[in-house]
Amino acid sequence: METIFAQSSAFGKAGVAVFRISGAKSLEALRILTSKSDFKPRFMYYQKLVDPKSNDLIDNAMIVYFKAPNSFTGEDVVEIHTHGSKAISIMLINALLNIPNIRLAEAGEFTKRAFLNNKFDLTAAEGIADLINAETIMQHKQAIRQAGGILEELYNGWRGQLLRIISLLEAYIDFPDEDIPDSVLNEVTSTHAKLINEISEYLNDNRKGELLRSGLKLAIIGPPNAGKSSLLNFLMRRDIAIVSNIAGTTRDIIEGHLDIGGYPIILQDTAGIRDESSDVIEQEGIKRAIDSAKKADIKIIIFDAEKLDFSMNEDIIGLIDENSIVIINKIDLIPEDKIFDIEEKYRCLRVSIKNNIALSDILENIEEIAENMAGFTETPYITNERHRHYLKQALIYLNDFNLDNDLVLATEDIRMAMRRVGAITGVIGVEEILGEIFKNFCIGK
Numbered sequence: 257m258e259t260i261f262a263q264s265s266a267f268g269k270a271g272v273a274v275f276r277i278s279g280a281k282s283l284e285a286l287r288i289l290t291s292k293s294d295f296k297p298r299f300m301y302y303q304k305l306v307d308p309k310s311n312d313l314i315d316n317a318m319i320v321y322f323k324a325p326n327s328f329t330g331e332d333v334v335e336i337h338t339h340g341s342k343a344i345s346i347m348l349i350n351a352l353l354n355i356p357n358i359r360l361a362e363a364g365e366f367t368k369r370a371f372l373n374n375k376f377d378l379t380a381a382e383g384i385a386d387l388i389n390a391e392t393i394m395q396h397k398q399a400i401r402q403a404g405g406i407l408e409e410l411y412n413g414w415r416g417q418l419l420r421i422i423s424l425l426e427a428y429i430d431f432p433d434e435d436i437p438d439s440v441l442n443e444v445t446s447t448h449a450k451l452i453n454e455i456s457e458y459l460n461d462n463r464k465g466e467l468l469r470s471g472l473k474l475a476i477i478g479p480p481n482a483g484k485s486s487l488l489n490f491l492m493r494r495d496i497a498i499v500s501n502i503a504g505t506t507r508d509i510i511e512g513h514l515d516i517g518g519y520p521i522i523l524q525d526t527a528g529i530r531d532e533s534s535d536v537i538e539q540e541g542i543k544r545a546i547d548s549a550k551k552a553d554i555k556i557i558i559f560d561a562e563k564l565d566f567s568m569n570e571d572i573i574g575l576i577d578e579n580s581i582v583i584i585n586k587i588d589l590i591p592e593d594k595i596f597d598i599e600e601k602y603r604c605l606r607v608s609i610k611n612n613i614a615l616s617d618i619l620e621n622i623e624e625i626a627e628n629m630a631g632f633t634e635t636p637y638i639t640n641e642r643h644r645h646y647l648k649q650a651l652i653y654l655n656d657f658n659l660d661n662d663l664v665l666a667t668e669d670i671r672m673a674m675r676r677v678g679a680i681t682g683v684i685g686v687e688e689i690l691g692e693i694f695k696n697f698c699i700g701k
């Protein structure tokens, strides 16, 4: 393979910038840049970097050499730590480009080479990508588990059981006149049933891992002037929505991202929902608000305490479900002993956003629902639609398997199921999916 390089840290002004070189010419490139011939693996050196063409000093850098196969990619790897200056980055990149047979790496190419050199499987590679992109503690925990091989262990376990079924049946394909012993039939039948049960249950996960990976959508819904935009500003800790007592101020969906209890939440403030509006733009905003609520994972339904008795309508009440938080806002403006009909049917939070009354209860309720929807269990969740796709296909082949059919065809069903599970980890049939996976990595990873 060609020798590749890239700046692995973000381009721009920083204290330190990290460059990575991987391939057979890594050490040669290092010797050209430093004029030093002897580098001991896994030792840090302080060296001058000089442009071999112009002889200009690029920087005084810290350098470490990793000899194959004991490196991230499994190839010879050099890491160069320079000062984080744009000028230094440009000079070093140009100097490396002037060395023959060395080129810039493509997105994800370092991790792709690590996979091809059997440093880890595809699920771990995807875990590394998720780890780089993690913005919350819970996303980090899920990614670190996956990068550590927990999904590989689960999927390889299923693949091993499928391989066991094939091994039990293959011997009898070449000898069709031989009867299959009851002990073999019993093991095949029990293992087959166990796999169908385990994979079916695993797929029935309400997409918890994917929700955690991409973020849970939370829509704030309610009649006009109930305090939706004020609540959004409170949750975001800054003013991103216009607050006004004029009905119809919010016309479109306003979105923000935040971390609540380690769970990624995508907030959506929507237009106030009311029965009548002559404004065409507001009508479209109401339509979008209802659509957003129907697609949301969590809903906050907020009412104005002073107007609650006559501000409820079927569109709003029909949106309340088990993942909804019903809020009665502006409680400072009503008598403390006033009870609303809605409180008899739903658990409601009484708050005052303006006066900061009971706002912590809202955060606690959001976190509780998020944990129920995307919290961890001992068994790792599916984190990627690619995994779900192949597992569904494997389940189809498992359901088609029947020993009453021709034994060759029955065994082929198991073999196809095994290939689908193997495609998740990259054991077999990975060529067509490699590009799709690694193109999502950043340059230098």
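According to our numbering, the sequence shown is numbered sequentially starting from 257. All residues carry an ideal CB built from backbone N, CA and C; glycine is no exception. Keep in mind that this is a model prediction, so the values were computed, not measured.
Please go through the same chain and pick out, in chain order, the residues whose beta-carbon is closer than 8 angstroms to the beta-carbon of N661, but skip the five residues on each side of it. None.
Could you say if the stretch 366 to 376 and the stretch 620 to 631 meet the contact criterion of at least three C-beta pairs nearer than 8 angstroms? Result no; under three Cβ-Cβ pairs closer than 8 angstroms.
Flag this pair as yes or no: are the beta carbons of L419 and M674 separated by less than 9 angstroms? Going by C-beta atoms, L419 is nearer than 9 angstroms to M674.
Using only alpha-carbon positions, find the residue among L313, P479 and A361 that is nearest to A351. It is L313 whose Cα lies nearest to the Cα of A351.
Between which two residues does the beta strand (DSSP E) carrying G340 extend? First-last of the beta strand (DSSP E) with G340: V333 to G340.
If you draw a straight line from the C-alpha of I349 to the C-alpha of V306, how long is it? Going from the Cα of I349 to the Cα of V306 covers about 12 angstroms.
Kindly identify the DSSP beta-bridge partner or partners of P520. The partner list for P520 (beta bridge, DSSP) reads D515.
Just tell me which of I393, N354, Y302 and E668 has its CA closest to the CA of P308. Of the listed residues, the one whose Cα sits closest to P308 is N354.
Between L283 and chain D, is the shortest Cβ-Cβ distance under 9 angstroms, so that the two count as touching? In the displayed structure, chain D is absent; only one protein chain is listed.
Just checking my contact of I452 with L651 at CB under 8 angstroms: how many whole Å lie between their CB atoms? Yes, I452 and L651 are in contact; Cβ-Cβ is about 7 angstroms, under 8 angstroms.
Does the stretch 633 to 650 come close enough to the stretch 605 to 624 to have 3 or more Cβ pairs within less than 8 angstroms? They do not touch, by the three-pair rule.
Assuming L472 is part of the alpha helix (DSSP H), what are its boundary residues? Not the alpha helix (DSSP H): L472 falls in the beta strand (DSSP E), residues L472 to I477.
Looking only at its own chain, which residues have a Cβ that is under 6 angstroms from the Cβ of H643, when we skip the five neighbours before and after it? Excluding residues up to 5 positions away in sequence, I680 lie with their Cβ nearer than 6 angstroms to the Cβ of H643 in the same chain.
Pairwise C-alpha distance: S345 and P356: Answer to the nearest angstrom: the Cα atoms are 19 angstroms apart.
To which residues does DSSP link T526 through a beta bridge? In DSSP, T526 forms no bridge with anything.
For S278, which residues does DSSP report across the bridge? The secondary-structure analysis by DSSP pairs S278 across a beta bridge with I260 and V333.
Is it true that the CB of I477 sits closer than 9 angstroms to the CB of A399? Not closer than 9 angstroms, so no.
DSSP has S310 in a bridge; who is on the other side? For S310, no pairing in a beta bridge is given by DSSP.
So the alpha helix (DSSP H) L651 belongs to, where does it begin and stop? Start and end: E641 to D656.
So who's on the other strand from D553, going by DSSP bridges? Per DSSP, none; premise fails for D553.
Should the stretch 377 to 394 be regarded as contacting the stretch 662 to 669, the criterion being three or more beta carbon pairs within less than 8 angstroms? The answer is no - the stretch 662 to 669 does not touch the stretch 377 to 394, with fewer than three Cβ pairs under 8 angstroms.
I need the straight-line Cα distance from D560 to G483, nearest angstrom please. Here the C-alpha atom of D560 lies approximately 7 angstroms from the C-alpha atom of G483.
Assuming R671 contacts I422 under a Cβ cut-off of 8 angstroms, what Cβ separation, rounded to an integer in Å, is found between them? Confirmed, Cβ separation roughly 6 angstroms.
Hey, how far is the Cα of N489 from the Cα of I595? Distance between the alpha carbons of N489 and I595: 28 angstroms.
Go through its chain and collect everything with a Cβ distance to S265's Cβ below 6 angstroms, but skip five positions before and after it. For S265, where only same-chain residues beyond five positions count, the Cβ hits under 6 angstroms are A273 and V274.
Counting Cβ pairs closer than 8 angstroms, one from the stretch 402 to 410 and one from the stretch 370 to 386, do we hit at least three? Contact holds between the stretch 402 to 410 and the stretch 370 to 386, because three or more Cβ pairs, one in each stretch, are under 8 angstroms apart.
Could you check how far apart the C-beta atoms of I288 and A317 are, in whole angstroms? I think they sit under 8 angstroms. With 8 angstroms as the limit, I288 and A317 do not qualify as a contact, their Cβ atoms being about 14 angstroms apart.
Pull up the CB-CB distance for I524 and S548, whole angstroms please, since I reckon it's below 8 angstroms. According to the sequence displayed, residue 524 carries Gln and not Ile. The pair is a contact, with the Cβ atoms about 5 angstroms apart (cut-off 8 angstroms).
What number of angstroms, rounded off, separates the C-alpha of Y321 from the C-alpha of L619? Their Cα atoms are separated by approximately 48 angstroms.
Contact set for N501: own chain, Cβ-Cβ below 6 angstroms, skip 5 residues either direction: Because the pLDDT at N501 is just 47, under 50, the model does not fix this residue reliably, and the value given afterwards should be weighed accordingly. Cβ neighbours of N501 within its own chain (closer than 6 angstroms, five residues either side excluded): N481.
By Cβ distance below 7 angstroms, which residues in the same chain neighbour Q417 in space, the five residues on each side in sequence not counted? Cβ within range, chain order: T447 and L451.
Assigned secondary structure, K304 (DSSP; H/G/I helix, E/B strand, else coil): Shown here, K304 sits in a strand according to DSSP, grouped into three states.
At the level of alpha carbons, what is the spacing between P591 and S580? Approximately 26 angstroms between the Cα atoms of the pair.
Rounded C-alpha distance that separates T639 from D377: Going by the C-alpha atoms only, they are around 15 angstroms apart.
Tell me the DSSP secondary structure of V607 in three-state form. Coil.
At what residues does the beta strand (DSSP E) containing L360 begin and finish? Annotation: the continuous beta strand (DSSP E) that includes L360 extends over I358 to L360.
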